[in-house]
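S.K.: Just passing along the structure, written as structure tokens.
Numbering (our numbering), first residue to last: 577 to 759.
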């Protein structure tokens, strides 16, 4: 039955770990990228309306196939959220909580900021994109294994190259948008 309603997926790549009305900001979408995921069933009118909505609030558009969106979102959004939670859980292995908590500073807090995000929403996000998230976790585990091997072998040259390569990747990212602080 034709309801006259069309679905067109879109995903603004912005936000914070905070949720609810109190966390709203009038500039939230300014300069953000919004992934828009048309399919063969998407009408030109729907594409135009949804595009206009997002550009009207300050987003630039990135047109992606829905599967490509899910794969990329798993690596750029969902995996970082999972890693933030995992980093917090690693603190459970440190028994001297008082000293541990005093040692936590900007590096750890910055890396784990998204662990404070609302868990119900993230349970749904991770669950519905689990196939791509599992692939990303596998790649992350392989990357950690490389680091583990470099440290186990005391391979200072290899470690330096591994860190330099990561710094180059980080420097190449589109981090000049609002909410994408580089410091």
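Backbone N, C-alpha and C fix where the C-beta goes; we use that ideal spot for every residue, glycine too.
Which residue marks the beginning of the alpha helix (DSSP H) containing residue 627, and which one marks its end?
M.R.: Element bounds for residue 627: 620-632.
S.K.: Would residue 660 and residue 640 be called neighbours here (beta carbons separated by less than 9 Å)?
M.R.: Against a cut-off of 9 Å, the Cβ pair of residue 640 and residue 660 comes out as no contact.
S.K.: Quick check: the stretch 690-701 against the stretch 615-632, are at least 3 beta-carbon pairs closer than 8 Å?
M.R.: Counting Cβ pairs under 8 Å, fewer than three are found: no touch.
S.K.: Tell me the rounded alpha-carbon separation between residue 613 and residue 588.
M.R.: Distance between the alpha carbons of residue 613 and residue 588 is about 11 Å.
S.K.: Could you tell me how far apart the beta carbons of residue 735 and residue 727 are, in whole angstroms, since I believe they sit closer than 8 Å?
M.R.: 7 Å between Cβ atoms; contact.
S.K.: For the beta strand (DSSP E) holding residue 818, just list the boundary residues, first then last.
M.R.: Residue numbering for the chain in the displayed model covers 577 to 759; residue 818 lies beyond these limits and cannot be assessed.
S.K.: Residue 578 to residue 616, Cα distance in whole Å?
M.R.: Rounded to whole angstroms, residue 578 to residue 616 spans 17 Å at the Cα level.
S.K.: Can you name the residues that DSSP bridges to residue 609?
M.R.: DSSP, once it has assigned bridges, lists 636 as partnering residue 609.
S.K.: Mind checking which residues open and close the beta strand (DSSP E) that includes residue 587?
M.R.: Note, residue 587: beta strand (DSSP E), 585-588.
S.K.: Are three or more beta carbon pairs between the stretch 702-719 and the stretch 644-658 nearer than 8 Å?
M.R.: Yes: the two stretches touch, three or more of their Cβ pairs being nearer than 8 Å.
S.K.: If you count every other CB in all the chains shown that lies within 10 Å of the CB of residue 655, and 16 or more means buried, which is it?
M.R.: By the neighbour-count rule (16 or more Cβ atoms within 10 Å), residue 655 is buried.
S.K.: Ends of the alpha helix (DSSP H) at residue 679?
M.R.: 673-679 is the extent of the alpha helix (DSSP H) around residue 679.
S.K.: Since I believe residue 619 is in contact with residue 593 (beta carbons under 8 Å), could you give me their beta-carbon distance rounded to a whole number of angstroms?
M.R.: Not a contact, Cβ separation roughly 36 Å.
S.K.: For the alpha helix (DSSP H) that contains residue 655, what are its first and last residues?
M.R.: Counting along the chain, the alpha helix (DSSP H) containing residue 655 begins and ends at 655-666.
S.K.: Run the CB neighbour count on residue 785, radius 10 Å, all protein chains shown included, and call it buried at 16 or more, exposed below.
M.R.: Missing from the structure shown is residue 785; the chain here goes from 577 to 759 and no further.
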